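Numbering (this note's numbering), first residue to last: 232 to 818.
Quick reminder that beta carbons are idealized off the backbone N, C-alpha and C, glycines included.
Quick caveat, the model's predicted, so the values are computed rather than measured.
Have a look at the structure below, then the notes.
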């Protein structure tokens, strides 16, 4: 078993250096226009100064017929066609983008800097009011048909179709505000006027509002083959109600689906030897692998899988296993969200009292056995490789410093709120605990210590029901960061339909307007002012508060290759350069 004990201290720079070294064997894709190539080149120049860096050594599984068994999600959506069939990061297979390619994927530069994938070049222009897209002229679908801008336009039109049924709400959130999109949605136009096709490989998307950080949604949006899927209605496509929803007959990526067992939730994939991208990106190292939902530590210990994700409570069980490697991961967040609806909204002083009551160090110790880290920002900035880009280096960092644990201060604030008529000490706050666990109990205990009564309601279905109806006060939150400019992804969609505004009942028009300013300007000083204003608004009124970092561990057999060095991201999913397809394993 291999693991570096000082893993909590690795930095963004070291990650970039790792990626720069490990993907060096492959031809680099074209720049996005956002500085990705520049950053990677700078990282490579300094690589020699870091100790312990070495190239990956191919495990025996590379180019073999051995089937690697990897964990899949508990829910797989309704197909393998990216965001349209909910086959994306939040809900479905981790492999959709290896089968049906989006224009970009989120690589080592994180969620704010895209890496071109199906697109050769993608760039915001004209003060971010438009986007230019260039495709590879050699890109072809698996049936030999050329991939063109008509396919990209067809994909965007499906987002704006009246029958679009996106699982997170309004499908237009995947690329909002395209000029003419609303007319198309309402049936007033036969096409979207803002989609300008220049030729088969170049196009332009024009918007009514500045195009923000759309990279993460775009990475979920597989480009679809118009010549194949246009035989089905939009309703059929969004519902996965067509013959090859799960085993696509026409693909664009380096892998194809061999089989799908819906009952067992097992998806088997095989490398496409004739993939058009082999000459550009290099051929993936792994021939065959399967995503298997529901794999547990017992399956791994019994030799029935090559990787398993475990929590801190199981760390001692896996720490001394032979022939395994462990990758610890801490940049996801545990926290809580406040209902900001008019009939449940807590006053500023009560919000602060709750924050002062939370002992973040204790959460890290109790929930993650000391492996977690307390958040050092209400936005959940710690340790995430995109934090630096989206935080605004010239802004006042003091605006996002969380409330330090101070129960006496919390009690004082509650007394002041009661005297001002903003707090009833007999009120019982409804606390949605989700799947349960220790986090809601910890929060309940710490609130009880300052005299706040709560009632925990556990269960995912109940949580979804209550967040939709607004019949709750606090809901436990776990997931990615939601800091500063990244917040503009979450909170500017439909107030009634999109997941975050609808569930937390926060639709702050001042915040939404300032997002337009921050996203639209190319003046660095104006961007700093707008970003700082966003931080102030969110800190005063926003619903999500980070408490601590989640600690979880990916445990894998040596057959999967492990990590060289161990900190490198190299597992099923998009956080590595190209995920499980493992360009790292190319000699």
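Would residue 429 be called buried (16 or more neighbouring beta carbons within 10 Å of its own) or exposed?
-> Here the question's residue 429 lines up with position 198 in the chain shown. Label assigned to residue 429: exposed.
Spatial neighbours of residue 673 within its chain, please: CB distance less than 8 Å, with the 5 preceding and 5 following residues excluded, ordered by chain position.
-> Translated into positions along the chain shown, residue 673 becomes position 442. Counting only Cβ-Cβ distances below 8 Å, and skipping sequence neighbours, we find 593, 594, 597 and 598.
Do residue 579 and residue 736 have their C-beta atoms within less than 8 Å of each other?
-> Numbered from 1 along the chain shown, position 348 holds the residue referred to as residue 579. Numbered from 1 along the chain shown, position 505 holds the residue referred to as residue 736. Contact: no.
Can you tell me which of 518, 497 and 350 puts its alpha carbon nearest to the alpha carbon of residue 525?
-> Here residue 525 is taken as the residue at index 294 of the chain shown, counted from 1. It is 497.
By a C-beta neighbour count over all protein chains shown, 10 Å radius and 16 as the cutoff for buried, is residue 495 buried or exposed?
-> Walking along the chain shown from the start, residue 495 turns up at place 264. Exposed is the call here.
Is it buried or exposed for residue 551, if we count other Cβ within 10 angstroms and need 16 for buried?
-> As a first step, residue 551 must be located in the chain shown, where it is residue number 320. With fewer than 16 other Cβ atoms inside 10 Å of its own Cβ, residue 551 counts as exposed.
Excluding five sequence neighbours on each side, which residues of the same chain lie with their C-beta closer than 6 Å to the C-beta of residue 575?
-> If you number the chain shown from 1, residue 575 lands on position 344. So the qualifying residues of the chain are 704.
Hey, out of 444, 534 and 425, whose CA is closest to residue 788's CA?
-> Locating residue 788 in the chain shown gives position 557, counting from the first residue. Here the closest residue by C-alpha is 534.
What does residue 333 pair with, by DSSP beta-bridge criteria?
-> Position 102 of the chain shown, counted from the first residue, corresponds to residue 333. In the DSSP output, where bridge partners are listed per residue, residue 333 has 453.
Please say whether residue 587 and residue 653 have beta carbons closer to each other than 8 Å?
-> The sequence position of residue 653 within the chain shown is 422, counting from 1. The sequence position of residue 587 within the chain shown is 356, counting from 1. Cβ distance not < 8 Å, so residue 653 and residue 587 don't count as in contact.
In the DSSP assignment, what residue or residues form a beta bridge with residue 436?
-> On the chain shown, position 205 is the one that residue 436 refers to. Paired residues: 362 and 426.
In angstroms, rounded to a whole number, what distance separates the CA positions of residue 634 and residue 446?
-> Within the chain shown, numbered from 1, the residue matching residue 634 stands at position 403. Within the chain shown, numbered from 1, the residue matching residue 446 stands at position 215. The alpha-carbon atoms of residue 634 and residue 446 are separated by roughly 32 Å.
Taking 7 Å as the cut-off, is the CB of residue 336 close to at least one heavy atom of the ligand PLP?
-> The model depicted lacks the ligand PLP and carries no ligand whatsoever.
Note down, in chain order, each residue of its chain lying with its Cβ closer than 8 Å to the Cβ of residue 630, except the 5 sequence neighbours on either side.
-> As a working note, residue 630 is residue 399 in the chain shown. 763, 766, 767 and 770, listed in sequence order.
Would you list the residues sitting across from residue 349 in a DSSP beta bridge?
-> Numbered from its first residue, the chain shown carries residue 349 at position 118. Bridge partners of residue 349: none, in fact.
Round the Cβ separation of residue 400 and residue 724 to the nearest angstrom and send it over; I've been treating them as touching at under 8 Å.
-> As a working note, residue 400 is residue 169 in the chain shown. As a working note, residue 724 is residue 493 in the chain shown. Their Cβ separation, rounded to whole angstroms, is 7 Å, which keeps residue 400 and residue 724 in contact under 8 Å.
Under the three-state reduction of DSSP, which class applies to residue 446: helix, strand or coil?
-> Here residue 446 corresponds to residue number 215 of the chain shown, with the count starting at 1. Here residue 446 carries a helix assignment [DSSP, helix/strand/coil].
Using the Cα positions of residue 517 and residue 590, report the straight-line distance between them to the nearest angstrom.
-> Position 286 of the chain shown, counted from the first residue, corresponds to residue 517. Position 359 of the chain shown, counted from the first residue, corresponds to residue 590. Pairing residue 517 with residue 590, the inter-Cα distance amounts to about 45 Å.
Which ranges does the alpha helix (DSSP H) cover as unbroken runs of at least 4 residues, wholly within the stretch 490-537, from first to last along the chain?
-> You should have 509-512 and 528-532.
In chain order, what residues of the same chain lie with their CB nearer than 8 Å to the CB of residue 421, ignoring the 5 residues before and after it?
-> Within the chain shown, numbered from 1, the residue matching residue 421 stands at position 190. So the list reads 415, once near-sequence residues are dropped.
When the distance is taken between beta carbons, is residue 734 closer than 8 Å to residue 698?
-> In the chain shown, counting from the first residue as 1, residue 698 sits at position 467. In the chain shown, counting from the first residue as 1, residue 734 sits at position 503. It is a contact, given that the beta carbons lie within the stated cut-off.
Grab me the residues of residue 642's own chain with a C-beta within less than 6 Å of its C-beta, minus the 5 sequence neighbours each way, in chain order.
-> As a working note, residue 642 is residue 411 in the chain shown. 681.
Pick out whichever of 605, 601, 538 and 751 has its Cα sitting closest to the Cα of residue 565.
-> Looking up residue 565 in the chain shown gives position 334. The shortest C-alpha separation from residue 565 is found at 605.
Going along the chain, which residues of its own chain have a beta-carbon closer than 8 Å to the beta-carbon of residue 417, five neighbours each way excluded?
-> The count along the chain shown starts at 1 and reaches residue 417 at position 186. Beyond the five residues adjoining it in sequence on each side, residue 417 comes within less than 8 Å, by CB distance, of 393 in the same chain, given in chain order.
By Cβ distance, which residues of its chain are closer than 8 Å to residue 383, with the 5 residues on each side in sequence left out?
-> Here residue 383 is taken as the residue at index 152 of the chain shown, counted from 1. Around residue 383: 334, 364, 366, 434 and 454.
Enclosing alpha helix (DSSP H) for residue 659 [first to last residue] = The count along the chain shown starts at 1 and reaches residue 659 at position 428. For residue 659, there is no enclosing alpha helix (DSSP H); the residue is found in the beta strand (DSSP E) stretching over 659-665.
Is the stretch 356-363 close to the stretch 735-751, with three or more CB pairs under 8 Å?
-> They touch, by the three-pair rule.
Three-state class that DSSP yields for residue 407 in the structure shown = Numbered from its first residue, the chain shown carries residue 407 at position 176. For residue 407, the secondary structure class from DSSP, reduced to helix, strand or coil, is coil.
C-beta neighbour in chain C for residue 372, strict 8 Å | Among the chains of the structure shown, chain C does not appear; only one protein chain is present.
Closest to residue 706 by CA distance: which of 391, 719 and 731 is it?
-> Stepping through the chain shown from its first residue, residue 706 is reached at position 475. It is 731.
Could you check what DSSP says for residue 557 in three-state terms: helix, strand or coil?
-> Residue numbering aside, residue 557 sits at position 326 when the chain shown is read from its first letter. Residue 557: strand per DSSP, three-state reduction.
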